[in-house]
Structures are given as structure tokens and as C-alpha cells.
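Peer 1: I have a structure here, written as C-alpha cells, and I will follow up with some questions on it.
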Amino acid sequence: MSAQPIDRSKARTRVPFFVPLFNPIARRMLRGGVPLGPNALLTVRGRSSGIDRTTPVAVVAIGGHRWVIATFGDVNWARNLRAAGVATLTVNRRPEAVAARELPQAEAAAFFRDTLTPYVGHVPMGRWILGSMLGAREIFTDPDGAAQHHPVFELGPRPSGG
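Counting in the working numbering, the sequence shown runs from 50 upward without gaps.
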């Protein structure tokens, strides 16, 4: 059975007003090694420009696995990561070469329902931050619908030579 293609043409979510204001500050702080919760810097080569682009992302780390979620829909970093398949993840000033695998829609829905929702329930204010502040409430209320609009990438070690 092949993975169901996801139509991302209408997968844009409104970015809260504070994100473009906060991201440059977060980027500087993270580059300086200041811990900001689960946030890290993701550097991906631009799919059109070929220029490395760096953005702060929240990394979900559970049971030795790591994921990043495009909480604002199919944004540029998600499209670049999809195209490149590899990136550099920088945590505490330590860069790590990673490979990225986008979860198919059914797997993303199961991740939202079975992994993320219980995990976020144990993080102080986690559900409120993700659902209300970042506007991704449907991850909890409609995981199948959320999987159509919020790309999820599992990060793993980059194979040698890549």
C-alpha cells in the first residue's frame, strides 16, 4: 500500500503576530547556547536558492525518537526540509547532521493522537501553548484533519557520506 499523497495547496495556517517578531530573538539566543525549552535551530538548504536557511523549531523528543512539526502549516522550512531530506539541528551550540523523513498522513495522525497528545498533557502549559497560543488546536481535536495541514518530520542520524 503506497502512502496517501497530501494536498498541501490549502495547508497554510495563520502565523501568530508574535512569531516573526520573536524568531530573530530566539535564533540569536539559541545560537548563543541559551536554552529555550524544546527549541533548537534547524538549518536547511533552500529548495530554490540553495542558500542555507535557519529557523527555530520545537523538537519533540520521546523515547529516543525526535520529530519536528510545522505547526503553522506547509511553511518554507517544511518545504525546504521535504526537498532536501537532510538538515543540521543545533542544540546547545552543538550542530548535528540529521536525515528527515516526512510522516505519511495516516502515520502523522497516529503520532498526533497516540504520541504527542499524551506527551503534551504532561508538559506544564504544553497543551495551551500548542493549542491556543500557536493555534494548532486541531492536533488534539482532529488529528486526522491536522495531519493534512501540519507536516511532521522524524529526525534521525544522517547516513555516512550524506
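The C-beta atom is built at its ideal place from N, Cα and C for all residues, glycine as well.
Can you name the residues that DSSP bridges to residue 134?
Peer 2: What you label residue 134 is simply residue 85 of the sequence shown in a count that begins at 1. DSSP lists no partner for residue 134.
Peer 1: Quick one: measure Cβ to Cβ for residue 105 and residue 75, integer angstroms, because I've assumed they're closer than 8 Å.
Peer 2: For the purposes of this step, residue 105 is taken as residue 56 along the sequence shown, with counting starting at 1. For the purposes of this step, residue 75 is taken as residue 26 along the sequence shown, with counting starting at 1. Sure, about 4 Å apart at Cβ, within 8 Å.
Peer 1: So what does residue 116 bridge to, in DSSP terms?
Peer 2: The count along the sequence shown starts at 1 and reaches residue 116 at position 67. Note: residue 116 sits in a beta bridge opposite 109, 203.
Peer 1: By how many angstroms is the C-alpha of residue 90 removed from the C-alpha of residue 154?
Peer 2: Taking the sequence shown and counting its residues from 1, one reaches residue 154 at position 105. Taking the sequence shown and counting its residues from 1, one reaches residue 90 at position 41. The straight-line gap from Cα to Cα measures roughly 25 Å.
Peer 1: Are the Cβ atoms of residue 117 and residue 124 separated by less than 8 Å?
Peer 2: Here residue 117 is taken as the residue at index 68 of the sequence shown, counted from 1. Here residue 124 is taken as the residue at index 75 of the sequence shown, counted from 1. The answer is no: Cβ separation not under 8 Å.
Peer 1: Cβ atoms of residue 188 and residue 165: under 8 Å apart, would you say?
Peer 2: Residue numbering aside, residue 165 sits at position 116 when the sequence shown is read from its first letter. Residue numbering aside, residue 188 sits at position 139 when the sequence shown is read from its first letter. Yes, the Cβ-Cβ distance between residue 165 and residue 188 is below 8 Å.
Peer 1: Measure the beta-carbon distance from residue 87 to residue 148 and round it to whole angstroms, keeping in mind my assumption that it falls under 8 Å.
Peer 2: Numbered from its first residue, the sequence shown carries residue 87 at position 38. Numbered from its first residue, the sequence shown carries residue 148 at position 99. At roughly 20 Å, the Cβ-Cβ gap does not stay under 8 Å, so residue 87 and residue 148 are not in contact.
Peer 1: Does DSSP classify residue 85 as helix, strand or coil?
Peer 2: To locate residue 85, count along the sequence shown from 1; it is residue 36. Of the three classes helix, strand and coil, the one that applies to residue 85 here is coil, per DSSP.
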